Amino acid sequence: MKNVIGNLLRTVELPRMVIELVSFLHTADWQIGMKASRVADVAEDVRKARLDTARQLMRMASQREVDFVLIAGDLFENNLVHNEASHRVAEVLSTCSPIPVYVLPGNHDPLTADSIYGRLAFTDYLPGNVHILRTSEPVSPVPGVLLLPAPVMSKESYRDPTEEFQIPSEMGEDLILIGIAHGSLSIPGKFQENDFPIALDAATRLGLDYLALGHWHSFYVHNDKRTVYAGTHEPTGFDSQSKGAAAYVTIKTKGSLPNIEQLDTGTLSWQTLQLSVDGDPDHVISRVKHEVGKVQNPSAALLRLELKGHAESDDLEWLKELNDWLKTCFLYIEIDRSRLITRPVGRRLKKLAADNPFLQAIISDLADVAFALGQPIQDLPDDLASAGGRDSDIIDDKLQDYLDGWGICAEDVEEALIMLASIAEEVLS
Ligand SMILES: [Mn+2]
538 MKNVIGNLLR
548 TVELPRMVIE
558 LVSFLHTADW
568 QIGMKASRVA
578 DVAEDVRKAR
588 LDTARQLMRM
598 ASQREVDFVL
608 IAGDLFENNL
618 VHNEASHRVA
628 EVLSTCSPIP
638 VYVLPGNHDP
648 LTADSIYGRL
658 AFTDYLPGNV
668 HILRTSEPVS
678 PVPGVLLLPA
688 PVMSKESYRD
698 PTEEFQIPSE
708 MGEDLILIGI
718 AHGSLSIPGK
728 FQENDFPIAL
738 DAATRLGLDY
748 LALGHWHSFY
758 VHNDKRTVYA
768 GTHEPTGFDS
778 QSKGAAAYVT
788 IKTKGSLPNI
798 EQLDTGTLSW
808 QTLQLSVDGD
818 PDHVISRVKH
828 EVGKVQNPSA
838 ALLRLELKGH
848 AESDDLEWLK
858 ELNDWLKTCF
868 LYIEIDRSRL
878 ITRPVGRRLK
888 KLAADNPFLQ
898 AIISDLADVA
908 FALGQPIQDL
918 PDDLASAGGR
928 DSDIIDDKLQ
938 DYLDGWGICA
948 EDVEEALIML
958 ASIAEEVLS
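Structure, rendered in structure tokens:
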């Protein structure tokens, strides 16, 4: 009852709109203009997907009639992106107008002297609904809500960005506070000191209703149920844990736990498949076929196939044929055979080293190491093994100490020879 009277009194004294429900879309790390040079052949497809998915997100914002959109940093890959990329972003952001979009500079696109956010060719053409958060001055996107920004000014920082928040000393007790920052939650073992460390209790300690974060690429809700990484909307590479996400958030009243819905937004999938080869290529081919059958929508998938083990032949035609077939199934295919040991490696190396004293010398050194380890390389022709003039006196205690010190074993030598053969084939043939 006391609360009811209190609310009535406040309503009489301070007539204002009482926010009962605020809704917004939280996204981050679009990294528009990403080079994707690792997958150069399809880099354009990767860049296009990032823009297309961004457009879908803006459509979702309109359909759900959110009050505003938050982009928590790294909208751009860097501050050097082409004007064309920045114009495309502006156009995408305009599609949810009149819904306001708030953009926080991140460590990829910080507010430095050369910032994209200071480039007139970008800012002169910004649609009216887009607001760049250039300072930590609070902004009110809708009545009853205060947005506390912590724009990034440098590539790295030891300082907690949430310390930048300017929380008013006096404010209505119903005011919903939303922080927006870019950095790493200080979860032990999961962050670096110079990577904008954010205190784990920042949201609760500062009385925030929601802390919208960017920088980590996976969707993540901290155990306070208020601190959230939206993740990137499209995964950025093979090592990405993310499938592409964003957060749709509603907050009923000041202090109530926000309702956070994870939106799955990714359209391209980056997959790594590791297979062991034990001599028989046919076995690998049938396993690859089986695994490939499980991939949904392969034409939108980038596949990295890692092969390891032994192939009992140096005829790798089957690998080329497999690659040709996979190319027609997937958007992109990459076969890593640097850990695939093909025999006889000695014969291949001999052919490659015939006119190459430098290569001969490296092989001879490796042969010395193998000899010192007590396991001479089986299929290495003698003339190649002694090309550098092996002298058992040279394989002295010093080398032995070195091998012991680094824990180098016969398998390492074999692997080095395989890699050497692969590299030499690439470079010399
Ligand atoms: Mn970042």
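Heads up: the sequence shown is residues 538 to 966, going by my numbering. Ideal Cβ positions, reconstructed from N, Cα and C, are used throughout, including at glycine. Predicted model, so just to flag it, every value in this text is computed and none were measured.
Exercise. What separation, rounded to the nearest whole angstrom, lies between the Cα atoms of Arg876 and Val829?
Worked result: 21 angstroms
Exercise. Would you say Asn893 touches ligand 1, meaning its beta carbon is less than 7 angstroms from a heavy atom?
Worked result: no
Exercise. Are the Cβ atoms of Gln703 and Ser673 separated by less than 8 angstroms?
Worked result: yes
Exercise. By how many angstroms is the C-alpha of Asp697 removed from the C-alpha of His563?
Worked result: 21 angstroms
Exercise. Ends of the alpha helix (DSSP H) at Ser560?
Worked result: First-last for Ser560: 559-564, but that is the beta strand (DSSP E), not the alpha helix (DSSP H).
Exercise. Between the C-alpha atoms of Ala898 and Phe867, what's the straight-line distance to the nearest angstrom?
Worked result: 41 angstroms
Exercise. Taking 7 angstroms as the cut-off, does the CB of His719 come closer than this to any heavy atom belonging to ligand 1?
Worked result: yes
Exercise. Just to confirm, does Asn666 get its C-beta within under 7 angstroms of one of the non-hydrogen atoms of ligand 1?
Worked result: no
For this session: Note the first and the last residue of the continuous beta strand (DSSP E) segment covering Pro686.
Result: 682-686
Exercise. Tell me, which residues are paired with Trp807 by DSSP?
Worked result: Leu839
Exercise. Are Ile797 and Val814 close, meaning C-beta to C-beta below 8 angstroms?
Worked result: no
Exercise. Between the Cα of Asn620 and the Cα atoms of Lys585, Ala580, Gly570, which residue gives the shortest distance?
Worked result: Gly570
For this session: Consult DSSP for Asn796 and reduce its assignment to one of helix, strand or coil.
Result: strand
For this session: Quick one: which unbroken beta strand (DSSP E) runs of 3-plus residues sit fully inside the stretch 704-752? Chain order, please.
Result: 713-719, 747-751
Problem set entry | Closest residue to Leu745 among His752, Lys762, Asn731, Tyr757 (Cα-Cα distance) | Lys762
For this session: Spell out the partners DSSP gives Arg876 in its beta bridges.
Result: Lys845
Exercise. Going by DSSP, which residues form a beta bridge with Ser813?
Worked result: Lys845
Problem set entry | Own chain partners of Leu863 with C-beta closer than 6 angstroms, once the 5 adjacent residues on each side are dropped | Ile870
For this session: Using beta-carbon positions only, say whether His754 and Gly768 come within less than 8 angstroms of one another.
Result: yes
Exercise. What are the boundary residues of the alpha helix (DSSP H) that Ile945 is part of?
Worked result: Segment: none, Ile945 is in no alpha helix (DSSP H) and carries neither H nor E.
Problem set entry | Same chain, Cβ closer than 6 angstroms to Gln799, five either side skipped, listed in chain order | Phe756, Ala782
Exercise. What's the call for Val549, buried or exposed, on a 16-neighbour Cβ count within 10 Å?
Worked result: Its pLDDT being 44, under 50, Val549 is placed unreliably by the model, and the measurement read from it follows with that caveat. That one is exposed.
For this session: Please state if the CB of Tyr639 and the CB of Leu612 are separated by a distance shorter than 8 angstroms.
Result: no
For this session: Just the C-alpha distance for Asn893 and Lys845, rounded to the nearest angstrom, thanks.
Result: 28 angstroms
Exercise. Measuring CB to CB, does Tyr847 end up less than 8 angstroms from Ile878?
Worked result: Strictly speaking, residue 847 in this sequence is His, with Tyr absent from that position. In this structure, Ile878 lies closer than 8 angstroms to His847 by Cβ.
Problem set entry | heavy atom of ligand 1 below 7 angstroms from Gly774 C-beta | no
For this session: Verify the contact flag: His752, CB atom, against every heavy atom of ligand 1, threshold strictly below 7 angstroms.
Result: yes
Exercise. Buried or exposed: which applies to Pro725, given that a residue is buried once 16 or more other Cβ atoms fall within 10 Å of its Cβ?
Worked result: exposed
Exercise. Going by alpha carbons, who is nearest to Leu910 out of Ala890, Leu886, Val950?
Worked result: Val950
For this session: Give a single yes or no on whether Asn644 has its beta carbon closer than 7 angstroms to a heavy atom of ligand 1.
Result: yes
Exercise. In terms of residues, what are the limits of the beta strand (DSSP E) holding Ala904?
Worked result: It is not in any beta strand (DSSP E) - Ala904 instead sits in the alpha helix (DSSP H) that spans 894-909.
Exercise. Should Thr804 and Asp589 be called a contact, given that it needs their Cβ atoms to be closer than 8 angstroms?
Worked result: yes
Problem set entry | Bridge-paired residues (DSSP) for Phe613 | Ile569
Exercise. Would you say Asp566 touches ligand 3, meaning its beta carbon is less than 7 angstroms from a heavy atom?
Worked result: For the structure depicted, ligand 3 is absent and the ligand set comprises only ligand 1.
Exercise. For Leu794, which residues from the same chain have a beta carbon less than 6 angstroms from its beta carbon, with the 5 sequence-adjacent residues on both sides left out?
Worked result: Lys762
For this session: Output the boundary residues of the beta strand (DSSP E) element that contains Leu607.
Result: 605-608
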